[in-house]
Amino acid sequence: MLPAVRHVRPCLRLWPVATCLVAAWSLAGCSSPPAADASGVVQVVGAENEYANVASQIGGSYVHVSAIMSNPNTDPHTFEASPTVAQVVSAAQLVIQNGVGYDTFMDKIEAAAANPVRKVIDVQGLLGLPNTTPNPHLWYSPTTMPAVARAIADDLSALEPSDASRFRANLTKFDNSLQPWLADIAALKEAYGGAGVATTEPVADYLLRAAGLDNLTPFVFQADIMNGVDPSPQDVTVEKNLFVDHQVKVFVYNQQVTDSFTSSLAALARSHGIPVVGVYETMPVPGYDYQSWMVAEVHALQMALARGVSTTRL
Numbered sequence: 005m006l007p008a009v010r011h012v013r014p015c016l017r018l019w020p021v022a023t024c025l026v027a028a029w030s031l032a033g034c035s036s037p038p039a040a041d042a043s044g045v046v047q048v049v050g051a052e053n054e055y056a057n058v059a060s061q062i063g064g065s066y067v068h069v070s071a072i073m074s075n076p077n078t079d080p081h082t083f084e085a086s087p088t089v090a091q092v093v094s095a096a097q098l099v100i101q102n103g104v105g106y107d108t109f110m111d112k113i114e115a116a117a118a119n120p121v122r123k124v125i126d127v128q129g130l131l132g133l134p135n136t137t138p139n140p141h142l143w144y145s146p147t148t149m150p151a152v153a154r155a156i157a158d159d160l161s162a163l164e165p166s167d168a169s170r171f172r173a174n175l176t177k178f179d180n181s182l183q184p185w186l187a188d189i190a191a192l193k194e195a196y197g198g199a200g201v202a203t204t205e206p207v208a209d210y211l212l213r214a215a216g217l218d219n220l221t222p223f224v225f226q227a228d229i230m231n232g233v234d235p236s237p238q239d240v241t242v243e244k245n246l247f248v249d250h251q252v253k254v255f256v257y258n259q260q261v262t263d264s265f266t267s268s269l270a271a272l273a274r275s276h277g278i279p280v281v282g283v284y285e286t287m288p289v290p291g292y293d294y295q296s297w298m299v300a301e302v303h304a305l306q307m308a309l310a311r312g313v314s315t316t317r318l
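Last residue of the sequence shown? That's 318 in the working numbering, and every number before it is there in order.
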């Protein structure tokens, strides 16, 4: 029988915008919301801290960057924006948000506080993805951040043309810094392409696909877990049999959002000798930038596949 202990969380596309949560700040280290800076420092907001981190790398000392969602111990799908968040977003000259229903509170804030000079990079729109895109975790795709970084450099250059050459130089540096991650993905694909994996949610699915790994968990199961819906008994049986029958080499689960059901799956995997790898929706801080975070995730997969080593936390 399906465990009755799972707590339903709001559907991805139906987040409420409430006034009960204070924003978490990263990168800029601010304790109060910044105002627009007349000295030429561009005020930038990233809805997710991975986008904020890339903006910080492209902008360098010429930007002041704030991240709205940066706590790896909370569920981004249930984030509720506070008045403080609204104030920061309203003051921003450049905003980067994910789209695909992941951070709809940003659209509401931006609509309520119109700013004719504000530039908004919606990653979904940037990549030309439809609203029906089933997996919103776009930053795990190796093609996403290069496109985002270019858009950030373009918008910063438009906002501060005198610093455009610096933004372009930082963009080149960023693109070059992705090469070790891309090489690790290629090496993982060459060594373990086609290996079966199981997941709880589609958090790292884009990365798994790029590495040639075969996610055998039914997507409807992944979507149910992601959206806080109890998966069907049939899909639960399919998932469990992936471990019992040793159909998979590794179990990848959302370390950031766990409950008794997903924990029981991790325990079942371990009991059958299947290593467990935890992945995150927001970049673990402190200690990581976007590149080192992605490299660490690939290395965790490599250790699981090559040596059977579990990495539940980075």
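Think of the CB as a built atom: it goes at the ideal place given N, C-alpha and C, for glycine as much as any other residue.
Range covered by the beta strand (DSSP E) that runs through residue i
i, result
"lysine 253", "Careful: lysine 253 lies outside any beta strand (DSSP E) and carries neither H nor E."
"valine 46", "46-52"
"leucine 98", "98-101"
"alanine 71", "67-73"
"alanine 202", "200-203"
Selected residue, minimal CA-CA separation from residue i, among the options
i, options, result
"tryptophan 3", "Asn102, Ser65, Val121", "This structure leaves residue 3 out entirely; the chain is present only between 5 and 318."
"leucine 212", "Ala155, Ser145, Leu163", "Ser145"
"glutamate 157", "Leu182, Ile125, Val261, Pro138", "The amino acid at residue 157 is misidentified as glutamate; the sequence shows alanine. Nearest C-alpha to alanine 157: Ile125."
"valine 121", "Val99, Pro138, Pro134, Thr137", "Val99"
"histidine 250", "Val201, Thr286, Asn135, Asn258", "Val201"
"glutamine 183", "Tyr66, Met298, Val49", "Met298"
"valine 256", "Pro235, Thr286, Val207, Ser236", "Val207"
"leucine 246", "Ala173, Phe225, Ala273", "Ala273"
"alanine 59", "Ala153, Thr108, Thr137", "Ala153"
"lysine 177", "Tyr196, Pro150, Ala162, Thr286", "Pro150"
"threonine 203", "Gly197, Thr262, Asp159", "Thr262"
"aspartate 159", "Thr136, Val48, Glu285", "Val48"
"proline 138", "Glu285, Ala227, Thr286, Gly44", "Ala227"
Distance between residue j and residue i (C-alpha atoms, nearest Å)
i, j, result
"phenylalanine 265", "methionine 230", "13 Å"
"alanine 32", "glycine 64", "With a pLDDT of 34 at alanine 32, under the threshold of 50, the modelled position of that residue is not reliable, and the figure given next carries that caveat. If I take the Cα positions, the gap works out to 11 Å."
"glutamine 61", "aspartate 209", "26 Å"
"serine 147", "proline 140", "Sequence inspection shows threonine at residue 147; the serine mentioned does not correspond to that position. Those two C-alpha atoms are separated by around 14 Å."
"valine 248", "valine 233", "24 Å"
"aspartate 239", "isoleucine 113", "38 Å"
"alanine 308", "valine 69", "35 Å"
"leucine 305", "valine 254", "8 Å"
"glutamate 205", "proline 165", "42 Å"
"valine 46", "alanine 71", "14 Å"
"histidine 303", "leucine 186", "12 Å"
"glutamate 301", "arginine 317", "10 Å"
"proline 37", "valine 92", "Confidence in proline 37 is poor, its pLDDT being 40 and thus under 50, which makes the residue's placement too unreliable to answer from."
"alanine 117", "valine 252", "49 Å"
"glutamate 243", "leucine 220", "8 Å"
"methionine 110", "alanine 95", "13 Å"
"serine 275", "leucine 175", "46 Å"
"phenylalanine 225", "serine 236", "8 Å"
"proline 290", "asparagine 258", "19 Å"
"proline 134", "tyrosine 106", "13 Å"
"phenylalanine 223", "tyrosine 66", "42 Å"
"glycine 50", "serine 74", "10 Å"
"alanine 173", "serine 268", "48 Å"
"valine 283", "alanine 270", "13 Å"
"asparagine 119", "glutamine 97", "8 Å"
"leucine 163", "threonine 241", "54 Å"
"alanine 39", "glutamate 194", "Confidence is the limiting factor: at alanine 39 the pLDDT is only 42, short of 50, which leaves the residue's position unreliable and the question unanswerable from this model."
"arginine 13", "proline 288", "Note on arginine 13: pLDDT 35, under 50, position unreliable in the model; the coordinate value appears next. Distance between the alpha carbons of arginine 13 and proline 288: 22 Å."
"glutamine 260", "glutamate 285", "7 Å"
"glycine 44", "lysine 123", "16 Å"
"valine 89", "glycine 198", "43 Å"
"threonine 136", "threonine 108", "15 Å"
Limits of the unbroken alpha helix (DSSP H) element including residue i
i, result
"leucine 211", "209-214"
"arginine 311", "294-311"
"aspartate 111", "108-116"
Distance cut-off 7 Å: residue i Cβ against heavy atoms of the ligand NAP
i, result
"serine 94", "Among the components of this structure there are no ligands whatsoever, and the ligand NAP is therefore not found."
Quiz item: Would you call the region 285-299 and the region 49-57 touching, i.e. three or more CB-CB distances under 8 Å?
Solution: yes
Quiz item: Is there contact between the region 295-313 and the region 275-283, where contact requires at least three CB pairs shorter than 8 Å?
Solution: yes
Quiz item: Between the region 199-216 and the region 169-179, do three or more beta carbon pairs fall short of 8 Å?
Solution: no
Practice problem: Please confirm if the region 127-140 is in contact with the region 184-203, defined as three or more CB-CB distances below 8 Å between the two stretches. | Solution: no
Quiz prompt | Secondary structure, beta strand (DSSP E): runs of 3+ residues fully inside the region 120-198 | solution = 123-126
Self-check item: Any alpha helix (DSSP H) of 4 or more consecutive residues that is wholly inside the region 253-288
Solution: 264-275
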